[in-house]
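Here the sequence shown is numbered in full-length UniProt numbering, starting from 1 and rising by one per residue. From the three backbone atoms N, C-alpha and C, an ideal C-beta is built for every residue, glycine too. These numbers were taken from a predicted model, which means no experiment stands behind them. Notes for the one structure printed next.
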Amino acid sequence: DKNARPLALSGHVGFDSLPDQLVNKSTSQGFCFNILCIGETGIGKSTLMDTLFNTNFENFESSHFEPKVKLRAQTYDLQESNVRLKLTVVNTVGFGDQMNKQESYQHIVDYIDTQFESYLQEELKIKRSLHNYHDSRIHACLYFIAPSGHSLKSLDLVTMKKLDSKVNIIPVIAKADTISKSELHKFKIKIMSELVSNGVQIYQFPIDDETVAKINTTMNGHLPFAVVGSTEELREMLICVNMEDLREQTHTRHYELYRRCKLEEMGFKDTDPECKPVSLQQTYESKRQEFLVELQRREEEMRQTFVQRVKEKEAELKDAERETKLEEKRRNLEEEMSVFGKHRAAAELLQNAQSNNKKEKDRKNSGFM
Ligand code: GDP
Numbered sequence: 001d002k003n004a005r006p007l008a009l010s011g012h013v014g015f016d017s018l019p020d021q022l023v024n025k026s027t028s029q030g031f032c033f034n035i036l037c038i039g040e041t042g043i044g045k046s047t048l049m050d051t052l053f054n055t056n057f058e059n060f061e062s063s064h065f066e067p068k069v070k071l072r073a074q075t076y077d078l079q080e081s082n083v084r085l086k087l088t089v090v091n092t093v094g095f096g097d098q099m100n101k102q103e104s105y106q107h108i109v110d111y112i113d114t115q116f117e118s119y120l121q122e123e124l125k126i127k128r129s130l131h132n133y134h135d136s137r138i139h140a141c142l143y144f145i146a147p148s149g150h151s152l153k154s155l156d157l158v159t160m161k162k163l164d165s166k167v168n169i170i171p172v173i174a175k176a177d178t179i180s181k182s183e184l185h186k187f188k189i190k191i192m193s194e195l196v197s198n199g200v201q202i203y204q205f206p207i208d209d210e211t212v213a214k215i216n217t218t219m220n221g222h223l224p225f226a227v228v229g230s231t232e233e234l235r236e237m238l239i240c241v242n243m244e245d246l247r248e249q250t251h252t253r254h255y256e257l258y259r260r261c262k263l264e265e266m267g268f269k270d271t272d273p274e275c276k277p278v279s280l281q282q283t284y285e286s287k288r289q290e291f292l293v294e295l296q297r298r299e300e301e302m303r304q305t306f307v308q309r310v311k312e313k314e315a316e317l318k319d320a321e322r323e324t325k326l327e328e329k330r331r332n333l334e335e336e337m338s339v340f341g342k343h344r345a346a347a348e349l350l351q352n353a354q355s356n357n358k359k360e361k362d363r364k365n366s367g368f369m
């Protein structure tokens, strides 16, 4: 700010304690960290979590015959010194075990979006309580790659591609002790080149802070991490050095993208076509206007449809009436014809009787002669 003038202080004021105040406040509030483990059943997800956090989390046996992928979240309260951590481990149960692989990643995408949506809904509330909100957004996604030594499966590439704009992906080679060192080295290079050629963005340890730049630059070169070989390094990088960066990236990059897309979808925007700022009030008013116009259009459409239906019904009724009259005339005609038939039969009978009488008279008269 060019208008701000630097001033020297002539004595101690005390705002140099702000960082300490911040630390105290954060410590008393506690922290929250959420990890998503993606990988097939038996690849070593639970084992790695136990090793990373030096504890035994609840482990659920799962089979390879799950009908669909389920995401199971377990939350734990951990404490180290005076720092409390609410840790959530989310496991992908049955990942990659189904015939339809597309559904495997869709459930994961939906889960991540649901957590973003819950946070957005809390943010949009009139009376919000973000300070004690249990943030369930995923901060780190450990993607377990099977130690095949060949290349990534297409499911791995597709899943990582679908997730890379939503979550910090850290690829790890599972059970790295089952392949030789030279194979592992070649495998790592192959994986990285496949990720690059498919445009998959994985999490990069930050190098802009000089206190961690050196270690993070080295560690970026070790990605994907080989589990077993470098569990210590993984713990160091994930928890000791970069946990806060993972939390921050989740909020400022991934959540921000979700929020922006969602609000734009709802019709909110920061500027109008002439790049003038648009306030929330203006957006609300114009949306309300659009809604009213749309409502009127629909009402008119419904009215037209109603009028059309009434006309059709009237025409149908007229047709029916005409048919009824015709039917009545036909019945009358039939009755008249039947009466006429009866009369004709009676006349014929009479005529026959008269002719028989005449013949009899003629016969008698001829007898007298
Ligand atoms: P999850 O189903 O992915 O959670 O897999 P688990 O962590 O339950 O591991 C399945 C099996 O693999 C267990 O018998 C583990 O002992 C074994 N396992 C886990 N990690 C490793 C590893 O790094 N190397 C080897 N060789 N075996 C491992």
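Burial check for P224: the Cβ neighbour count within 10 Å reaches 16 or more, so the residue is buried.
By the neighbour-count definition (other C-beta atoms within 10 Å, threshold 16), R72 is an exposed residue. Taking the Cβ atoms as the reference, I43 lies roughly 6 Å from A146, within the contact range of under 8 Å. With a cutoff of 7 Å, I43 counts as near the ligand GDP, since its C-beta is closer than that to a heavy atom of the ligand. With a cut-off of 7 Å, the C-beta of T178 is classified as near the ligand GDP, since at least one heavy atom of the ligand falls inside that distance. S46 counts as buried, since at least 16 other C-beta atoms from the protein chains shown sit within 10 angstroms of its C-beta.
The three-state reading of DSSP puts T211 in helix, counting H, G and I together. By the CB criterion at 8 Å, L120 and K269 fall outside the cutoff.
Bounds of the alpha helix (DSSP H) holding F187 are 181 to 197.
Inclusion of S46 in the 7 Å shell around the ligand GDP follows from its C-beta lying nearer than that to a non-hydrogen atom of the ligand.
By the neighbour-count criterion, in which 16 or more other beta carbons inside 10 Å mark a residue as buried, H254 falls on the buried side. In the structure shown, the three-state DSSP call for R331 is helix.
Within the model, the alpha-carbon separation for R128 versus E122 is close to 6 Å. Placement of the Cβ of K181 at a distance of 7 Å or more from every heavy atom of the ligand GDP is found. About 6 Å separates the Cβ atoms of K70 and G94, confirming a contact at the 8 Å cut-off. Every alpha helix (DSSP H) stretch that sits fully inside the region 31 to 77 and reaches 4 residues is listed by chain position as 45 to 52.
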